[in-house]
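As they're listed, the protein sequences go chains A and B. Letter by letter, the first sequence follows residues 1 to 307 in our numbering. Letter by letter, the second sequence follows residues 1 to 307 in our numbering. Backbone N, C-alpha and C fix where the C-beta goes; we use that ideal spot for every residue, glycine too. Structure first, then comments.
There are 2 protein chains.
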Amino acid sequence: MIDRLLDKIDQSAAPIVVGLDPVYGMIPERIRRACTETHGNTLRAAAAMLTAFNREIIDSVCDLVPAVKPQNAMYEQFGPEGVRAYAETAAYAAEKGLIVIGDVKRGDIASTAAAYAAHIGGVELAGERFDPWREDAVTLNPYMGSDGITPFLDCCRAHDKGVFILVRTSNPSSSELQEMRLAESGLALYEHVADLVSGWGADLMGRRGYSRVGAVVGATCAEQGRALRKRMPHSFFLVPGYGAQGASGQDLKGFFDKDGRGCIVNSSRGIIAAWQKDARFGEADLGAAAREAVLAMRADLREVLGG
Amino acid sequence: MIDRLLDKIDQSAAPIVVGLDPVYGMIPERIRRACTETHGNTLRAAAAMLTAFNREIIDSVCDLVPAVKPQNAMYEQFGPEGVRAYAETAAYAAEKGLIVIGDVKRGDIASTAAAYAAHIGGVELAGERFDPWREDAVTLNPYMGSDGITPFLDCCRAHDKGVFILVRTSNPSSSELQEMRLAESGLALYEHVADLVSGWGADLMGRRGYSRVGAVVGATCAEQGRALRKRMPHSFFLVPGYGAQGASGQDLKGFFDKDGRGCIVNSSRGIIAAWQKDARFGEADLGAAAREAVLAMRADLREVLGG
């Protein structure tokens, strides 16, 4: 998975992952109306809206970017129907050749972690294997330590999948835990986690210098991103926080290695809600506006990377 | 929710939550066969097994215990069909008068956390409110700080719901992060988190001395449980790790306050797989064996609490 991601980034010259985090207000009225006409004012209608919205986005950007990242919460809020839309979105993106990074941030232990690992490992029933989620990688939370991570590593190994573990998140209050200084090592907690992540990924290396075990490092922490790039040279970074959350390409230079690799930048609202942010676009232009936003983001990142 | 939980514990004299974490091997052959005959060897069949299994457990223990705790991972591993079984289980337990603690351990930020908060707050569509999950409380992960918690606190306030935030988990590797000593305060990380949890819960107090914001504290850390009980006197504890994970009633004495309150102890396998652990029982005795295990656990805890 990690080599395929690196190859696709090289081919597209776009280290961009499109965050599929639709909220109700972003969904064009024509899609809302069609789904409500079919399903009434129900959770099924909401789920159908998400699927329809995502298909237009995926169709319009799938030749430009290597990956999409559906944010599980935006689907789960609508209950099991919403969760089905999440799985349908992942399956549709996979069929279009995109790498699917499931932003689920799961974290649990032992047999429970093994069950969650079905996200990337599938599940066996009477000798038959099922893969209901169609994700190539998922995000994970490290608070419970390696017991929560190991079952996923086994799946990375067995099925060539990937994980991205939260190291330094892009939200203001992440400092409440992540920046706490540790007594013995003098490290900040997130640096300690970075070292754990490096260790977890050490024997899951791909052919191109990066491990199947990556790290989530928020774009809003530019200096920390630069330092973490040096601290964990074999950990691929998934970087949220570009665009709507405040970071620009210039802030991200240090997140990439000397060859301009090692990092994929997420943008969600900046791409999927682009049709609402420019008077040139109407609600028919959901896909066209997303495409233009991807091209602008690619140009912004290329300028920084000198590509 | 927290007062109702305390009342129900007093009425039942059983500070016990039944963990609904069925794994395939625990499901009686008669249930497996019936579901496979109806649905074939499919994920829908697996989901139907979980629902049927849980209904028997719930029917057999709902007059003895105040609460159940379905473990989300055990359902999610079967994809959207499994997730539907999770929601059906929660709804069935709620109809039987049980408090439902959704063990989801979610953790995310801002608008994403607000979306996950639908677990306890429901979701609005065109002015109509839907409650697809039917949970009274959920477990949460604190790694991202208060940004990830605040939206849930709003739901606790608006809808009288609860949360249990991971403080000290019962697994061996929890020490990799949670026991790290902090430089400035000299606290272990989990103590620092305990203080955060106390703060988050300070203005969400119920009438009986406990907050709607509780803590997950593993039963396998007896001394730490005792110290945490003193450190966070208004935080109700959800305690995993009893029975199959190694802790006995005697280990748990310090988790309760001086009145024998402030704590609910989870047992999963010890109750729901009891039918497999005693030659007196056959697969028809799923419910009867669970009931007997609950009564034994109640007696064990009563001995410690002197009730």
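* Asked: Where does D131 of chain A fall in DSSP's three states?
  -> D131 of chain A: coil per DSSP, three-state reduction.
* Asked: What's the C-alpha gap between T42 of chain A and V83 of chain A?
  -> 14 angstroms
* Among A:G186, A:F237 and A:N171, which one has its Cα closest to the Cα of S198 of chain A? -> A:F237
* To do: Could I get the ranges of all uninterrupted alpha helix (DSSP H) runs contained in the stretch 51-129 of chain B, with 4 residues as the minimum, in chain order?
  => 73-76, 79-95, 110-116 and 118-121
* **Beta-bridge partners of L166 of chain B, as assigned by DSSP** => B:V216
* Exposed or buried, S185 of chain A, counting other C-beta atoms within 10 Å across all chains shown (16 or more means buried)? -> exposed
* Asked: Mind checking if S175 of chain B is an interface residue toward chain A, Cβ cutoff 8 angstroms exclusive?
  -> yes
* Just confirm the distance between the C-beta atoms of C62 of chain A and G107 of chain A, as a whole number of angstroms; I'd bet it's less than 8 angstroms. => Wrong, their Cβ atoms sit about 30 angstroms apart, outside the cutoff.
* What do you reckon, are the CB atoms on P28 of chain A and G79 of chain B nearer than 8 angstroms? -> no
* Asked: What does a CB cutoff of less than 7 angstroms around E283 of chain B pick up in its chain, not counting 5 residues either side in sequence?
  -> P28, E29, R30 and W275
* Asked: Which residue or residues does DSSP assign as beta-bridge partners of N266 of chain A?
  -> According to DSSP, N266 of chain A bridges with A:V17.
* Per the contact definition of three or more C-beta pairs closer than 8 angstroms, is the stretch 3-15 of chain A in contact with the stretch 58-72 of chain A? -> Yes: at least three Cβ pairs fall under 8 angstroms.
* Would you identify the three-state DSSP class for R261 of chain A, choosing helix, strand or coil? => coil
* Would you decide whether L295 of chain B is buried or exposed? Buried here means 16 or more other CB atoms lie within 10 Å of its CB. => exposed
* Asked: Starting from F256 of chain A and walking both ways along the beta strand (DSSP E), at which residues does that stretch end?
  -> Counting along the chain, F256 of chain A falls outside any beta strand (DSSP E), and DSSP gives it neither H nor E.
* Output yes or no for whether 8 angstroms exceeds the beta carbon distance between S173 of chain B and G262 of chain A. => Judged by their CB atoms, S173 of chain B and G262 of chain A are not nearer to each other than the 8 angstroms cut-off.
* Please name the residue in A:V193, A:K253, A:M1 and A:C35 whose C-alpha comes closest to that of L125 of chain B. => A:C35
* Asked: Assuming L301 of chain A and P15 of chain A make a contact with CB atoms under 8 angstroms, what is their CB distance in whole Å?
  -> Contact holds; Cβ gap of about 6 angstroms.
* Assigned secondary structure, Y242 of chain B (DSSP; H/G/I helix, E/B strand, else coil) -> strand
* **First through last residue of the alpha helix (DSSP H) which encompasses L182 of chain A** => Neither: L182 of chain A is in no alpha helix (DSSP H) and is coded neither H nor E.
* Could you give the residue range of the beta strand (DSSP E) that holds A137 of chain B? -> A137 to L140
* Asked: Three-state secondary structure (DSSP) at S211 of chain B?
  -> Strand at S211 of chain B.
* Asked: Mind listing which residues of the stretch 157-190 of chain B have their C-beta closer than 8 angstroms to chain A's C-betas, in chain order?
  -> L166, T169, S170, N171, P172, S173, S174, S175, E176, L177, Q178, M180, R181, L182, A183, E184, G186 and L189
* Confirm, please, whether the CB-CB distance from Y143 of chain A to P240 of chain B is below 8 angstroms. => No, Cβ-Cβ distance for P240 of chain B and Y143 of chain A is not below 8 angstroms.
* Can you find a C-beta in chain A that's less than 8 angstroms from the C-beta of T220 of chain B? -> T220 of chain B does not count as touching chain A.
* **7 angstroms Cβ shell around R207 of chain A - same chain, five flanking residues per side excluded** => D3
* Starting from L305 of chain A, trace the alpha helix (DSSP H) both ways and give me its first and last residue. => Where L305 of chain A is concerned, the enclosing alpha helix (DSSP H) stretches over L286 to L305.
* Measure the alpha-carbon distance for L166 of chain B versus A215 of chain B and round it to whole angstroms. => If you take the alpha carbons of L166 of chain B and A215 of chain B, they lie about 6 angstroms apart.
* To do: Determine the burial state of D278 of chain B: buried for a count of at least 16 other Cβ atoms within 10 Å of its Cβ, exposed for fewer.
  => exposed
* Check whether the Cβ atoms of A93 of chain B and V100 of chain B sit closer than 8 angstroms, and answer yes or no. => yes
* Asked: For V163 of chain A versus L189 of chain A, is the C-beta distance shorter than 8 angstroms?
  -> Taking 8 angstroms as the Cβ cut-off, V163 of chain A and L189 of chain A do not qualify as a contacting pair.
* To do: Inspect the beta-carbon positions of F255 of chain B and V217 of chain B and report whether they are closer than 8 angstroms.
  => yes
* Does any residue of chain A bring its CB to less than 8 angstroms from the CB of Y242 of chain B? -> no
* Run down chain A in chain order and give the residues with a C-beta less than 9 angstroms from the C-beta of F130 of chain B. => Neighbours of F130 of chain B on chain A, chain order: T42, L43, A46, F78 and G79.
* Measure how close the beta-carbons of Y242 of chain A and V265 of chain A come, nearest whole angstrom, since I'm counting them as under 8 angstroms. => 5 angstroms
* Minimum Cβ-Cβ distance from T89 of chain B to chain A less than 8 angstroms -> So, not an interface residue.
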